[in-house]
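Right, one structure below, let's go through it.
There are 4 protein chains.
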Amino acid sequence: MMRGAEDRGVPAAAADLVAQLREEVCDLHAELPRNDLVVWTAGNVSARVPGYELLVIKPSGVSYDELTPEAMVVTDLEGRLVEGERAPSSDTAAHAYVYKHLPDVNGVVHTHSTYATAWAARGEPIPCVLTMMGDEFGGEVPVGPFALIGDDSIGRGIVETLRHHRSPAVLMQNHGPFTIGRSARAAVKAAVLCEEVARTVHIARQLGEPIPIPQSDIDSLYDRYQNVYGQR
Amino acid sequence: MMRGAEDRGVPAAAADLVAQLREEVCDLHAELPRNDLVVWTAGNVSARVPGYELLVIKPSGVSYDELTPEAMVVTDLEGRLVEGERAPSSDTAAHAYVYKHLPDVNGVVHTHSTYATAWAARGEPIPCVLTMMGDEFGGEVPVGPFALIGDDSIGRGIVETLRHHRSPAVLMQNHGPFTIGRSARAAVKAAVLCEEVARTVHIARQLGEPIPIPQSDIDSLYDRYQNVYGQR
Amino acid sequence: MMRGAEDRGVPAAAADLVAQLREEVCDLHAELPRNDLVVWTAGNVSARVPGYELLVIKPSGVSYDELTPEAMVVTDLEGRLVEGERAPSSDTAAHAYVYKHLPDVNGVVHTHSTYATAWAARGEPIPCVLTMMGDEFGGEVPVGPFALIGDDSIGRGIVETLRHHRSPAVLMQNHGPFTIGRSARAAVKAAVLCEEVARTVHIARQLGEPIPIPQSDIDSLYDRYQNVYGQR
Amino acid sequence: MMRGAEDRGVPAAAADLVAQLREEVCDLHAELPRNDLVVWTAGNVSARVPGYELLVIKPSGVSYDELTPEAMVVTDLEGRLVEGERAPSSDTAAHAYVYKHLPDVNGVVHTHSTYATAWAARGEPIPCVLTMMGDEFGGEVPVGPFALIGDDSIGRGIVETLRHHRSPAVLMQNHGPFTIGRSARAAVKAAVLCEEVARTVHIARQLGEPIPIPQSDIDSLYDRYQNVYGQR
């Protein structure tokens, strides 16, 4: 699908924006190995080019050490190459589908981070038993359907699952987590915290049952964190 | 509560002391990621300004890489900003409550370190089955109540739990560990050892029951370590 | 066996090729500690010298920090030293046997990576329950026989097991993984992914049963990944 | 016991040897954090000064970053300070006892490495189910008695346990591993491999029973490794 696409170029008006996003997306990829979310080349970050039907993403099969802003590629929202010398990540179609159907999302991250993927292999959502989960996810981290790469099914599974949840993370069954955010950085943060809560709740469950948090307390945590936390 | 506070400034006589504590607290924050106690921005260290109703703490939502002595903030013991350009950590009220009610404590640390948080999610104290625990904790690591952020409840839960234990660490239910010390460095050490014993005892229990240490031996270990160990 | 061998030298025509492979094999050894696949000196990478009955491999008992291209050794396909100042890795006979019997293989890696070795200790293949496994291994990661070092038995166990599988990795019982590839780099990638899937499936199984992936879907994943993924 | 000791100085003839061992022991301490065997200051390496009733060891309660060859201390085989500005490690009496009673031992290491300590907390030896264990340990890693610090009991427990085993490692109950070697470097290697096999066998046992290795095969592995492996 991506192969036949001709290189139609980035509009001149978007050039500065794209240059800046190439830099940002390149920098954010360094967070994936740094936070132990990926091995080899198995994970990617993208950013929407706001105001354009474009996204910036990692090229396929390139190691994190070799990534430079120039190596990043630009595609349209069908996943077709628009600018760049290499083939886009093989997960581009899924990223593109998300941008097309969730207009508030400006960043998408996909990894195979170990503990999140372990929950995904069992098709089991991560229950909300940590205040950190209430803060960031506002409830459980849900599971999306099993889907093969190659058409819209992964993108559709992400969008349909996340539409019904506060969570910015979905565990695609037998596959791994996808996370979304208002910025690429927010999606990376969600990917980091998704793995951390997947790991902590796994470990808690190994020796017994974690204590549930009442829904009203989860609601308070989520509301406060989304509206008060951090610098304004 | 912190928002409306006016900046009343640090007394001139405390300026040198505060400058030194800004440096110390900044350096100690580097120990959190270095010892794998935190992901993203989820942990903080504070120090009491001895002789003043003040504390030095991390600003909210800032990454560990960006921290400088200047970025640290000073608050009073109600958690209100006294000096600094950023909002104090959202956990400041809990730190402040501890300093107000435990006069011997000069340092407080809060993390969501994985194994300690897993015990906290089950609301289960860590039993004292390691000589290292006898040394540092003098018994089990206790659990504190579930408490929502936003008022005194976290601080109160910490103080009420630790008053009845030798342990400098408390596992706040569904939340994570808080540790205290005679210095900020001692509180950081307690945070590091709390995670280590949480992890080791977890792993020991996965394949059977650890052998208990008799209380009299725990007492000997604790007494010797508190009075003899290290350089004088 | 290796001891009595005289140094017959590398043919002049192969000198450049060997120099290049010494560099490549040396660089690839750095991936082993970097990906947490080895402790101390317990792992090795080799490359076939294409067109010659020779291979380049790590010397025995040397730490990863001290490795240089010059320190690498060249042996024939009986594992006898041909060029180099040190004794070849004690696993050389196994590598050599693989090159002799699997003509498409140009790289071999051996580690004792923790999770893969744990499956090997139970003599249990890793079931294919992750899309990443379908991609890279095309099915389960199989177990090879228990074999003592010192003669052909390890090499024979590797070859006989991998002949019947798509997997480039075999878990030698009670011992650890061996991986093969069309290049030494591909064999290192297989070693990294073998440990990652060993770890993820282990963790998934700790809290229940992973959902199996239907064979036809595994076939699709494998076919696409081997033919489409990455840069061409 | 160590406190009252007068500083009697190192014999002039041993000065060069001691200077060299200060450097070696200092360098080897860097392997402890590097191999994840210690947190904070909780581990130490010593070397016998051959031909003298002396040993070189880490000072007490000093962090690994601050260690220099000059900071190391020299004690006699009663653990009394002979040269150095700081108090010797609180484990010095145990190291000294080992040198006094096992004349072939020239290096001793003590850590609280996580997985080895977890086996020690249950008082359970690590069964020999990995070829790597056959090579290095020649059988199981045994457990030593529970012993309090402060007199000979830890040293005695180490010596009495290791006298009956090939293993250079003993798991002191509820405490952690001690390892010995013909050199300090060999004892560090044993500490690294002890943690690795403790971890691998733990993980193997989490999902079932590892396959035992027949004693005759363990004997072959041990014999070959002790006599053939590495550079001569």
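Protein sequence lines correspond, in order, to chains A, B, C and D.
Note that full-length UniProt numbering gives residue 109 to position 109 of the first sequence, counting from 1, and the numbers run on in steps of one.
Note that full-length UniProt numbering gives residue 158 to position 158 of the second sequence, counting from 1, and the numbers run on in steps of one.
Note that full-length UniProt numbering gives residue 175 to position 175 of the third sequence, counting from 1, and the numbers run on in steps of one.
Note that full-length UniProt numbering gives residue 84 to position 84 of the fourth sequence, counting from 1, and the numbers run on in steps of one.
No residue lacks a Cβ here, since even glycine has one placed at the ideal position from N, Cα and C.
In this text the structure is predicted, and so the values were computed from the model without any measurement.
Distance between residue j and residue i (C-alpha atoms, nearest Å)
i: Ala191 of chain D; j: Pro125 of chain A; result: 39 Å
i: Arg156 of chain B; j: Lys100 of chain B; result: 11 Å
i: Thr75 of chain B; j: Arg199 of chain A; result: 34 Å
i: Glu70 of chain B; j: Asp91 of chain B; result: 19 Å
i: Leu81 of chain A; j: His29 of chain A; result: 20 Å
i: Asp142 of chain B; j: Thr161 of chain B; result: In the sequence on display, residue 142 of chain B carries Pro and not Asp. Computed Cα separation, rounded: 7 Å.
i: residue 233 of chain C; j: Asp65 of chain A; result: There is simply no residue 233 of chain C to check, as chain C begins at 1 and stops at 232 in what is shown.
i: Val39 of chain B; j: Met132 of chain A; result: 11 Å
i: Pro50 of chain D; j: His110 of chain B; result: 48 Å
i: Asp151 of chain A; j: Lys189 of chain C; result: 27 Å
i: Phe178 of chain A; j: Ile154 of chain D; result: 52 Å
i: Ala15 of chain B; j: Gly79 of chain B; result: 19 Å
i: Glu83 of chain A; j: Ala204 of chain C; result: 40 Å
i: Ala42 of chain D; j: Ala186 of chain B; result: 15 Å
i: Glu23 of chain D; j: Leu54 of chain D; result: 16 Å
i: Ala12 of chain D; j: Leu193 of chain D; result: 37 Å
i: Glu140 of chain D; j: Gly181 of chain C; result: 35 Å
i: Leu77 of chain D; j: Lys58 of chain D; result: 15 Å
Where residue i sits in the DSSP three-state scheme
i: Phe146 of chain A; result: coil
i: Met132 of chain D; result: helix
i: Thr179 of chain C; result: strand
i: Ile57 of chain B; result: strand
i: Pro103 of chain D; result: coil
i: Pro168 of chain C; result: coil
i: Leu77 of chain A; result: coil
i: Val192 of chain C; result: helix
i: Val82 of chain C; result: strand
i: Arg48 of chain A; result: strand
i: Val141 of chain B; result: strand
i: Pro210 of chain A; result: coil
i: Gly155 of chain D; result: helix
i: Pro125 of chain D; result: coil
i: Val108 of chain C; result: strand
i: Pro88 of chain D; result: strand
Buried versus exposed, by CB contacts within 10 Å (16 or more), residue i
i: Gly138 of chain C; result: buried
i: Pro214 of chain A; result: exposed
i: Gly9 of chain B; result: exposed
i: Asn227 of chain A; result: exposed
i: Met1 of chain A; result: For Met1 of chain A, the predicted structure reports a pLDDT of 34, less than 50, and the residue's modelled location is therefore unreliable. A value from the coordinates is still provided. Exposed is the call here.
i: Glu209 of chain A; result: exposed
i: Val18 of chain A; result: buried
i: Arg34 of chain A; result: exposed
i: Arg122 of chain C; result: buried
Pair within 8 Å by beta-carbon distance, residue i and residue j
i: Ala116 of chain C; j: Leu171 of chain C; result: yes
i: Val129 of chain C; j: Ile211 of chain C; result: yes
i: Ser60 of chain C; j: Pro103 of chain C; result: no
i: Val45 of chain B; j: Ala184 of chain B; result: yes
i: residue 238 of chain B; j: Ala47 of chain B; result: Past the boundaries of the shown model lies residue 238 of chain B; chain B is included only from 1 to 232, so the question cannot be answered.
i: Val98 of chain C; j: Val56 of chain C; result: no
i: Tyr225 of chain B; j: Arg166 of chain B; result: no
i: Arg86 of chain C; j: Val105 of chain C; result: no
i: Ser63 of chain D; j: Leu148 of chain C; result: no
i: Leu37 of chain C; j: Glu136 of chain C; result: no
i: Gly134 of chain C; j: Asp217 of chain C; result: yes
Distance between beta carbons of residue j and residue i, contact taken as under 8 Å
i: Ile158 of chain D; j: Ala118 of chain D; result: About 19 Å separates the two Cβ atoms, so there is no contact after all.
i: His202 of chain A; j: Leu207 of chain C; result: 7 Å
i: His175 of chain C; j: Ala120 of chain C; result: 6 Å
i: Pro127 of chain D; j: Gln173 of chain D; result: About 17 Å separates the two Cβ atoms, so there is no contact after all.
Proximity test, residue i beta-carbon vs the ligand COA heavy atom, cut-off 7 Å
i: Asp65 of chain D; result: With respect to the ligand COA, the structure offers nothing, as it holds no ligand at all.
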